[in-house]
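In my numbering, the protein residues as written are 17 to 475. We put the CB at the ideal spot given by N, CA and C, even for glycine.
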Ligand SMILES: Cc1ncc(COP(=O)(O)O)c(C=O)c1O
């Protein structure tokens with residue numbers, strides 16, 4: 017019998033539940049007797065099933081069927097969450113990650129339970145250097161620092177003095193709330209520049225670089241949070257050349273790099289010829305955010321100081337998390353999982369666009385997000401984003417008003433950030449219909465109130 021037949025037969029039994037999740041497969045010898053084939057044929061079939069993450073091996077024990085949590089597990093019944101930013105527990109490969117953690121303990125032993133280099137494991141930095149080369153970032157491991165989530169890198173950079181001796185931080189408006197919080201807690205002077213669906217005004221950017229004492233410009237060029245949109249190649253090239261011209265550093269937060277679908281979408285870092293771009297990558301949206309893993313690529317002029325700040329913050333990032341990431345990246349599991357997420361999220365983003373164009377026409381406008389996990393929904397003037405969000409919460413539908421993404425001094429948009437990370441296609445369609453219905457109810461309630469108020473005035 018051919019190995020494909022054995023594989024398909026086993027697969028069918030696993031998918032139908034005939035072989036239960038968590039149970040052990042019969043031994044290779046038993047399977048070869050059962051299918052009247054050689055042991056090599058069975059081994060090949062088993063290898064394929066392991067690659068497809070249907071089974072996993074336990075050394076000296078055998079092969080086990082992976083237990084997958086049901087899609088709705090970890091998600092309260094009925095709740096539709098367009099506000100979430102952390103991955104859907106239903107699609108996180110817990111078993112694989114657990115398996116990676118076990119392998120990490122076996123492979124690294126003592127090294128996992130002691131203090132390490134503040135920059136992180138050299139072997140992991142080498143693996144990350146290769147991984148980043150796929151996105152046109154060519155960084156030697158000596159310039160890479162593993163951080164405890166990209167959030168830590170942002171915090172350290174906002175705290176550090178920079179060689180340009182400047183002090184203010186320029187941020188896009190709207191901006192990732194986590195960065196706004198850092199600046200406010202550290203008492204750093206923030207300056208805002210508008211970013212819309214069509215990007216940045218490059219003349220205004222140049223005026224800021226020329227006239228203000230800007231230490232760095234914080235930007236999220238790819239799948240912006242909360243806009244969902246990406247900067248053009250021209251914008252990225254211009255940012256890199258203005259950085260050199262005016263001695264302003266760029267902090268490029270590429271938190272969703274692994275979800276990119278356009279192989280030509282290079283980061284600003286790839287256009288940097290003057291060593292002024294600090295590139296930050298997060299591993300939270302593909303692996304577990306709880307592992308707290310990110311990486312920062314620093315220009316040679318900043319790495320020593322950054323290492324000192326990192327070390328004074330937490331000595332080093334959890335060795336267990338680092339080892340799990342190294343195993344995932346090295347084995348290709350991370351890349352395969354990222355590809356699965358890209359497909360899933362792509363389908364969901366299309367479902368969001370379809371539902372919005374079907375149910376939310378007059379005055380609503382969804383940003384043209386080409387991928388990623390977020391899109392911005394602008395509301396008509398007569399609906400206040402926070403008020404409608406509060407009404408939706410009563411119906412167990414959660415959205416994220418973008419007012420929180422603006423500096424107090426800047427004019428904010430009447431909009432929400434909609435996330436598809438924890439909603440499936442059915443929930444998206446259902447959720448958008450509830451938004452339509454609730455908006456209509458709010459309007460008719462307002463009309464009634466207006467009528468009763470005018471009636472009272474008249475009496
Ligand atoms: C734009 C952006 N940057 C950074 C972070 C922080 O991510 P991490 O989990 O890597 O600290 C987030 C989290 O949602 C984010 O949206």
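Whose CA, out of 243, 463 and 405, lies closest to the CA of residue 188? 243
Buried or exposed, going by whether 16 or more other CB atoms sit within 10 Å of the CB of residue 121? exposed
Count the other CB atoms within 10 Å of the CB of residue 398; is the residue buried (16 or more) or exposed (fewer)? exposed
Measure the C-alpha to C-alpha separation of residue 139 and residue 309 and round it to an integer number of angstroms. 15 Å
In terms of residues, what are the limits of the beta strand (DSSP E) holding residue 197? It is not in any beta strand (DSSP E) - residue 197 instead sits in the alpha helix (DSSP H) that spans 193–202.
4-residue-minimum alpha helix (DSSP H) runs that sit fully inside the segment 368–433, ordered along the chain: 401–409
Cα separation between residue 347 and residue 454? 48 Å
Taking three-plus beta-carbon pairs below 8 Å as touching, is the segment 422–431 in contact with the segment 441–458? no
Return the first residue and the last residue of the alpha helix (DSSP H) that residue 113 is part of. 110–124
From residue 343 to residue 112, what distance separates their C-alpha atoms? 10 Å
DSSP on residue 305, reduced to helix/strand/coil? helix
Does chain B have any CB closer than 8 Å to the CB of residue 221? Among the chains of the structure shown, chain B does not appear; only one protein chain is present.
Leaving aside the five residues before and after residue 178 along the sequence, list all residues of the same chain whose C-beta is less than 8 Å from its C-beta, in chain order. 231, 232, 265 and 318
So what does DSSP say about residue 35, is it helix, strand or coil? coil
Closer than 6 Å by C-beta to residue 298: which residues in its own chain qualify, once you throw out the five before and the five after it? Chain order, please. 166, 271 and 310
In chain order, which alpha helix (DSSP H) runs of at least 4 residues are fully inside the segment 221–287? 249–262
Let's test the definition: count the other Cβ atoms within 10 Å of the Cβ of residue 324 and tell me whether it reaches 16, buried, or not, exposed. exposed
For the 8 Å Cβ check, are there 3 or more pairs between the segment 208–225 and the segment 348–368? no
Is the beta carbon of residue 101 sitting closer than 8 Å to the one on residue 437? yes
Who pairs with residue 161 in a beta bridge, going by DSSP? 312
Assuming residue 46 is part of the alpha helix (DSSP H), what are its boundary residues? 44–50
According to the neighbour-count rule (16 or more other Cβ atoms, all chains shown, within 10 Å of its Cβ), is residue 131 buried or exposed? exposed
DSSP state of residue 71, grouped into three classes? strand
With H, G and I counted as helix, E and B as strand and the rest as coil, what does DSSP make of residue 435? strand
Proximity test, residue 236 beta-carbon vs ligand 1 heavy atom, cut-off 7 Å: yes
Should residue 167 be listed as close to ligand 1, given that the test is whether its C-beta is under 7 Å from any heavy atom? yes
CA-CA distance, residue 463 and residue 258? 52 Å
Looking only at C-alpha atoms, which of 441, 154, 406 and 176 sits nearest to residue 202? 176
List the whole-angstrom C-beta distance separating residue 30 from residue 81, where the pair is believed to meet the contact cut-off of C-beta under 8 Å. 5 Å
So, do the segment 300–307 and the segment 153–162 have three or more beta carbon pairs nearer to each other than 8 Å? no
Compute the distance between the beta-carbons of residue 365 and residue 387, then report whether it is under 8 Å. yes
According to DSSP, is residue 55 helix, strand or coil? helix
Residues near residue 50 by beta carbon distance below 8 Å, same chain, minus five either side: 42
Just mark residue 377 as buried or exposed, buried being the case when its beta carbon has 16 or more other beta carbons within 10 Å. exposed
Residue 269 beta carbon near ligand 1 (any heavy atom closer than 7 Å): yes
Give the range of the beta strand (DSSP E) segment to which residue 297 is assigned. 293–298
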